[in-house]
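Report on one structure; see the data block that follows.
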Amino acid sequence: MKLTGRQLLHTTIACAMAFTLLAAPLTSGGTAYAQEAAADQVKTISTAGMQSQQQATSHIQYNIQAKLNTDDMTITGKQTVKYRNTSKDQLNDVVFRLFADANRSKDTQSSMFVRANGEIAKEYPDKKPEDFLGGIDIIRVKDASTGANLATTNEKQALTVQLAKALGKDEEVTLELEYKTKIPFGSQRLSYYKDIINGAHWFPVMSVYDEASHKWNKTPYSTTFETDYYEVADYKVAMDIPDKLQIAMPGQMSEKSGEAGRKIVTTKSDKTRELVFFSSEKFHKASKTKNGLTIEYVYYNDNNDPAKTAVINKYIDEAFKVIEFFGDKFGKYEYPDFRIVESHVEGVAVEFARLIQMGRVSPNAVPEKDSVFVHEIAHQWFHSIIGNDSETESFLDEGFADFSKLYYYDAQGDKMNGFDSARIDTFSLDRAINSPNDKAGDSPDALYYKKGRLAIYELYRTVGQEKFDAFMKEYFNRYAYRNATVAGLLQTIEDQLGKAVRDRMDDNLNKPNFELKPEYQMTEAEMAEYMRLSLVGIYDGIDQSYPKLPKETMYKVLNKAMHGEPLAIIYSSPVNAEAKKQQEQFFENISNVLNMGGVKPVILSEKQAVKKQLETSLAKSNVIVIGNPKSNSFIQALKPAIIARAEQAGFPWKEVMNTKGLLGGYGIMHPYNKDRLVVHYFWTDDHMTQKSAEQLLAGIGMQSLSVTSNFQQHIVKKVDGSIYKDKHVENPIAKFFEQTE
């Protein structure tokens, strides 16, 4: 049952994921793995195209009047859409995406929220399965110039509207649509839960026309990942909502009184890729303005906790810093506003244009270490300003957003969250980075994020920072407020960096089994040090995020040892060969984790050696005891004090140790030293059965030292696996790792 090198790396990665989630609890994860540079000089960057795009009016303009009805959780809407044909084709029809219809069936809803909705269903047993469904009903579509109803076809989340006459190049048509949207209960991009309404995909949105294939995009929303593919548009939205609600939308917002008990909130949001809203009566708002940019954080603070307000303002400061960095490296964020919304999403965070949705924020959060936050801000460049088809080329937004996150942290001198966190990835995948969602399987994070960012990192290292930055500015200038493609990216690479660099990137993206060039990979020594520093940083982050955890929490013995405090491992005197073997197996398992943390414990098994050091070195050490207490010299020598310490910690030591057929672990403060910890992994029989040994070796032992499980003070099981005694503090992310531990 020894951990392999691959398992050790997975442990480190899992811990890193844990720290990401714990640094901003229940946030993250939209919700989420050299060749010499060409001699060509970097070509001069052209900004003319970008400037003309910024100054021109969008070819799609929305004017939406909507009413949010909280009694039945529906939105009734009427929208006028002016569309200008920018293609050379004559268009006989136009297409609107109805992604709200993904909620008509559980089979078409996103699998990303299945776990969360399962928990919500348990929390609200009165809710029926149909309450978790929704959809959008199209009432009518008219030609605004004549008032005539137009024929439509509604199929698989795509509404095709037959135009009264063909639309030539640069010609415009104005349509009027009326609809009613049912908001599902639970956790979805469009949903309501507790006090919040998540408002994505709530209205018909223009599809993207592909001039090369002469077709409108009609792909239904992905059940496994994301299918957000839009043109930028100018929005004017007036939302009629209950007066008690607060609402967040992108753009310049204002409000006025409406009918009795209601108000009208309007927003003007030009050059915006998508229009979403979030609403709750419990929202608080904090904002700051610098250099023409206002950043607003919409958040919860039911108890008016000043610590919560303080950390929210730190997040705003961090957002300014991140936006300035990306603006300098890639191109300016020219919108006058940016919003961040705290919500009840678990395990993910979601990017939208000019707005990001985060999970709940702890007053103990450390914004400077919240890598999910930085990733979502990076999406303002790679999704919002530069768009792409996230159904077929998700790498373009997720890979670049995750690389940008690493670039930011590396520039801050944070090596643990910087490029080294990508270089540690040594696994290859048998599919291409540039794969569509339906080919990514269960690996979109590993493929688009991890491998995607690594391919970009290789490009960065190949050409050097100066040429890379110049290339990124040109890529931004070519595709700002447009939709990029991988083909367009490769062409930009060739134009700026040469054909050899382009060909290497083409192979990296479009062939399976990409691996970083050996000269850019970590050495074994670098990897060992990275893993050690990772664990130290992760465990420190847990302590900072959860300062009130009991001192007897078992994982703390590992953290204390990683910070240089002495650690002793004390075996019991085995009564038979099987017990001896089980003690050695247990130590072998935890020694792998100790080695990752750079911990070199003293190992004692002889009774006389323990007795000799009891009041000297052992009195100054943290201690891990392994085996039956009756044959352990450390336990027997300090038995009365250990029993007293155990009682103080709420562990019934005498009852447990005098009961046959039990196994487990507990933590107590050292009888001789209030600053040291004793953790005892035990069994009360002479030795364990094979099934019991598996529980202790692979289960209790590793989980109690891990930060991806509940924070355990003690746990005792019967040989059949049932719980006999248990005391822990719930770890909010433990459920995300239940199947892997």
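Read in order, the letters of the sequence shown are residues -23 to -1, 1 to 718 in mature numbering (1 follows the signal peptide of the UniProt record, and there is no 0). Virtual Cβ for every residue (Gly too), placed ideally from N, Cα, C. On a predicted model such as this, the values are computed, not experimentally measured, just so you know.
Using the C-alpha atoms, what's the distance from residue j back to residue i?
| i | j | result |
| --- | --- | --- |
| Ala121 | Gln67 | 20 Å |
| Phe329 | Met482 | 28 Å |
| Ala711 | Gly574 | 21 Å |
| Glu295 | Tyr206 | 29 Å |
| Ala618 | Gly676 | 28 Å |
| Ser610 | Val693 | 22 Å |
| Arg239 | Ile224 | 13 Å |
| Thr137 | Val275 | 37 Å |
| Ala326 | Ile333 | 8 Å |
| Lys597 | Asn650 | 7 Å |
| residue 731 | Gly698 | This structure cannot settle anything about residue 731, because the visible part of the chain is limited to -23 through 718. |
| Ile354 | Val299 | 8 Å |
| Asn194 | Phe453 | 24 Å |
| Thr369 | His540 | 46 Å |
| Tyr425 | Tyr456 | 20 Å |
| Ser257 | Asn69 | 42 Å |
| Met512 | Leu674 | The question names Met, yet the displayed sequence has Leu at residue 512. Each residue's Cα considered, the two are about 21 Å apart. |
| Asp247 | Ser164 | 29 Å |
| Gly638 | Val600 | 24 Å |
| Asn278 | Lys259 | 8 Å |
| Leu144 | Lys65 | 10 Å |
| Thr469 | Met449 | 9 Å |
On a CA-only basis, which of the options is nearest residue i? Give me that one, please.
| i | options | result |
| --- | --- | --- |
| Lys157 | Val478, Asp48, Gly54, Leu493 | Gly54 |
| Leu431 | Ala626, Ala98, Asn411, Thr204 | Asn411 |
| Leu270 | Glu301, Ile601, Gln690, Ala284 | Glu301 |
| Leu486 | Ile97, Ile433, Ser568, Phe628 | Ile433 |
| Leu493 | Leu436, Ile241, Val633, Asn290 | Leu436 |
| Ala409 | Asn490, Asn40, Tyr452, Ala128 | Asn490 |
| Glu583 | Ile612, Glu203, Ile547 | Ile547 |
| Glu624 | Gly644, Gln86, Ser88 | Gly644 |
| Pro102 | Phe162, Pro227, Pro709, Ile401 | Phe162 |
| Met89 | Leu674, Arg166, Thr244 | Arg166 |
| Glu203 | Tyr456, Asn62, Asp374, Ser367 | Ser367 |
| Phe350 | Gly364, Pro524, Phe297, Leu252 | Phe297 |
| Lys285 | Thr243, Val338, Gly235, Glu236 | Val338 |
| Ala79 | Lys159, His36, Leu144, Lys119 | Lys159 |
| Asp84 | Pro106, Ala98, Glu96 | Pro106 |
| Asp305 | Phe445, Asp480, Thr666 | Phe445 |
| Met50 | Ser405, Pro219, Thr63 | Pro219 |
Around the C-beta of residue i, are 16 or more other C-beta atoms found within 10 angstroms, so that it is buried, or is it exposed?
| i | result |
| --- | --- |
| Gly475 | buried |
| Ser82 | exposed |
| His191 | exposed |
| Tyr10 | Below a pLDDT of 50, predicted positions are generally treated as unreliable, and Tyr10, at 27, falls in that range; no measurement from the model is reported. |
| Ser594 | exposed |
| Pro283 | exposed |
| Val19 | Summary for Val19: the model assigns pLDDT 33, below 50, so the residue's position carries little reliability; its value from the coordinates is reported in the next sentence. So Val19 ends up on the buried side. |
| Pro578 | buried |
| Asn268 | exposed |
| Gln56 | buried |
| Phe(-5) | With a pLDDT of 43 at Phe(-5), under the threshold of 50, the modelled position of this residue cannot be trusted; read the value that follows with caution. Phe(-5) should be labelled buried. |
| Ala210 | buried |
| Ile700 | exposed |
| Arg117 | exposed |
| Gln672 | buried |
| Asn635 | exposed |
| Asn126 | exposed |
| Thr439 | buried |
| residue 721 | Residue 721 lies beyond the stretch modelled for the chain, which goes from -23 to 718, so this question has no answer here. |
The alpha helix (DSSP H) with residue i in it runs from where to where?
| i | result |
| --- | --- |
| Asp484 | 476 to 487 |
| Val440 | 429 to 440 |
| Leu510 | 501 to 522 |
| Lys533 | 533 to 539 |
| Gln585 | 584 to 590 |
Over what stretch of residues does the beta strand (DSSP E) that includes residue i continue unbroken?
| i | result |
| --- | --- |
| Leu136 | 135 to 144 |
| Arg622 | From DSSP, Arg622 is part of no beta strand (DSSP E) but of the alpha helix (DSSP H) over 616 to 625. |
| Thr130 | 129 to 132 |
| Met646 | 639 to 647 |
Task: Stretch pair the stretch 169 to 176 + the stretch 310 to 321: three plus CB contacts closer than 8 Å - done: Three or more beta-carbon pairs separated by less than 8 Å link the stretch 169 to 176 to the stretch 310 to 321, which places the two stretches in contact.
Task: Cβ pair count under 8 Å reaching 3, the stretch 597 to 610 against the stretch 655 to 670 - done: Enough Cβ pairs lie closer than 8 Å, so yes.
TODO: Specify whether the stretch 386 to 395 and the stretch 175 to 185 touch according to this definition: at least 3 beta carbon pairs, one from each stretch, less than 8 Å apart.
DONE: Verdict: no, contact absent.
Task: the stretch 681 to 692 in contact with the stretch 526 to 545 per 3-pair CB rule at 8 Å - done: Contact between the stretch 681 to 692 and the stretch 526 to 545 is present: 3 or more CB-CB pairs across the two stretches fall below 8 Å.
- [ ] State whether the stretch 94 to 110 contacts the stretch 36 to 48, with contact taken as three or more CB pairs (one from each stretch) at a distance under 8 Å.
- [x] Result no; under three Cβ-Cβ pairs closer than 8 Å.
TODO: Evaluate contact between the stretch 72 to 79 and the stretch 134 to 151, counting only Cβ atoms and requiring at least three cross-stretch pairs below 8 Å.
DONE: Three or more Cβ pairs closer than 8 Å define a contact, and the stretch 72 to 79 meets that threshold against the stretch 134 to 151.
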